[in-house]
Amino acid sequence: ARSWIEETNQTDVEVIQKMREELLLQNQENEALESWSGDPCMIFPWKGITCDDSTGSSIITKLDLSSNNLKGTIPSIVTEMTNLQILNLSHNHFDGNIPSFPPSSLLISVDLSYNDLTGQLPESIISLPHLKSLYFGCNQHMSDEDTAKLNSSLINTDYGRCKAKKPKFGQVFVM
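Taking my numbering, the leading residue of the sequence shown gets 525, the next gets one more, and so forth.
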């Protein structure tokens with residue numbers, strides 16, 4: 525007899541646990557990562573993770589680790605999260621290159637803005653079949669050579685540009 529609580533897709537569990545281990549190497553004592561234990565979707569999803577259980581077993585559909593002060597490279601194992609639709613790693617200190625994603629990826633939205641990433645935007649990301657938005661601005665060491673390819677796509681993007689923050693005071697007083 526099957527229990528009413530289904531477990532999380534085993535591949536998703538293995539991948540997210542490996543990702544946690546990889547991130548912890550560079551980010552010891554990180555609050556979000558330290559809180560991750562047990563099943564990522566049951567009974568309460570891990571911080572930064574959203575799951576969908578409409579298929580019978582839970583799958584991880586969203587990973588939002590934005591503003592967690594994370595450093596190191598983006599673990600390439602994130603590309604093995606086959607059910608992931610939304611990936612937000614913005615406002616951290618990730619460096620190195622953006623990993624290449626397989627064409628089978630279901631990603632709809634990717635936000636890697638405000639990090640320290642380098643290199644070029646992988647062609648594999650630009651050509652993801654379901655991608656609707658891609659933000660990678662404010663990575664000052666990234667090459668903008670490939671951003672022209674985004675012009676012909678129907679993706680919402682910042683083209684890798686950094687939007688300047690507005691000053692807190694709207695007026696300047698001259699004395």
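Just so you know, even glycine gets a beta-carbon here, dropped at the ideal spot from N, CA and C. Please read all numbers here as calculations on a predicted model, not as lab measurements.
Expressed to the nearest angstrom, what Euclidean distance is found between the alpha-carbon atoms of Ser624 and Ile567? As a position in the sequence shown, residue 624 is number 100, starting the count at 1. As a position in the sequence shown, residue 567 is number 43, starting the count at 1. Approximately 32 Å, taken between the alpha carbons.
Classify Ser657 as helix, strand or coil using the three-state DSSP reduction. As a working note, residue 657 is residue 133 in the sequence shown. It is a strand residue.
Rounded straight-line distance, which links the Cα of Leu587 to that of Glu555: Translated into positions along the sequence shown, residue 555 becomes position 31. Translated into positions along the sequence shown, residue 587 becomes position 63. Computed Cα separation, rounded: 16 Å.
Could you tell me which residues DSSP pairs with Asp563 in its beta bridges? Reading the sequence shown from its first residue, position 39 is the one you call residue 563. In the DSSP assignment, Asp563 forms no beta bridge with any residue.
Give me, in chain order, the residues of the same chain whose beta-carbon lies closer than 6 Å to that of Asp563; leave out the 5 immediate sequence neighbours on both sides. The count along the sequence shown starts at 1 and reaches residue 563 at position 39. Hits under 6 Å: Thr532.
How long is the line joining the alpha carbons of Met543 and Ser590, rounded to whole angstroms? The sequence position of residue 543 within the sequence shown is 19, counting from 1. The sequence position of residue 590 within the sequence shown is 66, counting from 1. About 15 Å.
Close-in-space but distant-in-sequence residues of the same chain around Gly661 (CB under 7 Å, 5 per side omitted): Here residue 661 corresponds to residue number 137 of the sequence shown, with the count starting at 1. Hits under 7 Å: Ser637, Asp682, Gly684, Arg685, Cys686 and Lys687.
Buried or exposed (CB count within 10 angstroms, at least 16 for buried), Glu553: To locate residue 553, count along the sequence shown from 1; it is residue 29. So Glu553 ends up on the exposed side.
Identify which residue in Thr574, Ser651, Gly572 and Glu558 has its Cα closest to the Cα of Leu674. For this step, residue 674 is matched to residue 150 along the sequence shown. Measuring from the Cα of Leu674, the nearest candidate turns out to be Ser651.
Continuous alpha helix (DSSP H) stretch holding Val537: start and end: The count along the sequence shown starts at 1 and reaches residue 537 at position 13. Run containing Val537: Gln534 to Gln550, per the alpha helix (DSSP H) assignment.
On the three-pair Cβ rule with 8 Å, is the stretch 571-588 touching the stretch 603-619? yes
Limits of the unbroken alpha helix (DSSP H) element including Ile650: Position 126 of the sequence shown, counted from the first residue, corresponds to residue 650. Counting along the chain, the alpha helix (DSSP H) containing Ile650 begins and ends at Glu647 to Ile650.
Contact under 7 Å by Cβ, Ile622 with Lys656: To locate residue 622, count along the sequence shown from 1; it is residue 98. To locate residue 656, count along the sequence shown from 1; it is residue 132. No, these two residues do not count as a Cβ contact at 7 Å.
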